[in-house]
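A quick write-up on the structure given underneath.
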Amino acid sequence: MPAIPLFQVFGRSPIRPLQQHMRKGYECCHELIPFFTASMQGDWTTATQVRQKIVDLEHAADSLKRDLRLHLPKGLFMPVQRSDVLELVARQDMVPNRAKDISGIIIGRKMVFPEQLKVLYLEFLQRCVEAAHQAYKTISELDEISEAGFRGKEVQVVEGMVNELHRIEQEADQLEIKVRQVVFELENEMPPVSVIFLYKIIEWTGDIAGYSQRIGDGLQILIAR
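Our numbering puts the sequence shown at residues 214 to 438.
Put into structure tokens, the structure is as follows:
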């Protein structure tokens, strides 16, 4: 029986690629802030340029995701469960996907937000992006807790960061309710199709915070095994 090479037994740790992927995902959704700032001012030239940055970052995240999946070792002594890593990277990938979806509809339809909604929506968006940032900060702690053997104070630190992530997501939920209330009050003043797409943008923006929370939950599962 031929000997199994050591690198196939122990394999390359997936932690750094996971962190790199999450960083791209966060950078991607962060670009939504200058994107909406430009589009709400009617500066479609700048908005289109920022949209391209979003697309490029989403493509970069996709490449990192594919590379991680293709090279994820099947060795006996992985520091974490292979299935947990695959699930976590899938959750992370939803963040840049949503950023691309949102910017695509805004650019494609040249959507204009009602004046009464702009400030509140930007506050909502920033809270959702903050959730993605908190998810990125939490994932960035993975190497530390791996070196600590997934126990001790490092794990407690991560648990605290996940709790903070949940708090941010709940605040984003409350802001989403307020945004929807404003749209509801304006419905009769807007074309029905515009109302439908506006609700979709609000839903997808909230998804960024929701997906970020799911990343934190996935990390808890990964380190608990």
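All residues carry an ideal CB built from backbone N, CA and C; glycine is no exception.
Remember, it's a predicted structure, so these values are computed and weren't measured experimentally.
- prompt: For the alpha helix (DSSP H) that Q262 lies in, which residues bound it at each end?
  reply: 257–284
query: Does the beta-carbon distance from M307 to Q347 come in below 8 Å?
result: no
message: Please state the DSSP three-state secondary structure of F326.
response: coil
query: Which residue comes first and which comes last in the alpha helix (DSSP H) that contains S425?
result: 405–437
- request: Within the segment 330–387, note down every full beta strand (DSSP E) run reaching 3 residues or more, in order along the chain.
  value: none
- prompt: Buried or exposed: where does G414 fall if 16 or more other Cβ atoms within 10 Å of its Cβ makes it buried?
  reply: With the sequence shown as reference, residue 414 is identified as Ile, and Gly is not the correct amino acid for it. The residue in question, I414, is buried, as its Cβ has 16 or more Cβ neighbours within 10 Å.
- prompt: Is there contact here, the segment 368–388 with the segment 396–416, by at least three beta-carbon pairs under 8 Å?
  reply: no
field: Top-ranked residue by Cα proximity to H284, from S359, V298, A251, S353
entry: V298
query: What number of angstroms, rounded off, separates the C-alpha of E360 from the C-alpha of S353?
result: 13 Å
- request: State the Cα-Cα distance for the pair S226 and L301, rounded to the nearest angstrom.
  value: 14 Å
task: Please classify S226: does DSSP put it in a helix, a strand, or coil?
output: coil
message: Taking the beta carbon of F397 as the centre, do at least 16 other beta carbons fall within 10 Å, making it buried, or is it exposed?
response: exposed
message: Determine whether the beta carbon atoms of G429 and L378 lie at a separation below 8 Å.
response: yes
query: Would the beta-carbon of P327 fall within 8 Å of that of L281?
result: no
message: So, with DSSP's three-state summary, where would you put E402?
response: helix
task: Using 10 angstroms around the beta-carbon of N401, count the other beta-carbons present and answer buried if the total reaches 16, otherwise exposed.
output: exposed
field: Beta-carbon proximity check, V268 vs K237, cutoff 8 Å
entry: no
field: Distance between L432 and R229 (C-alpha atoms, nearest Å)
entry: 14 Å
- prompt: Would A303 be called buried (16 or more neighbouring beta carbons within 10 Å of its own) or exposed?
  reply: exposed
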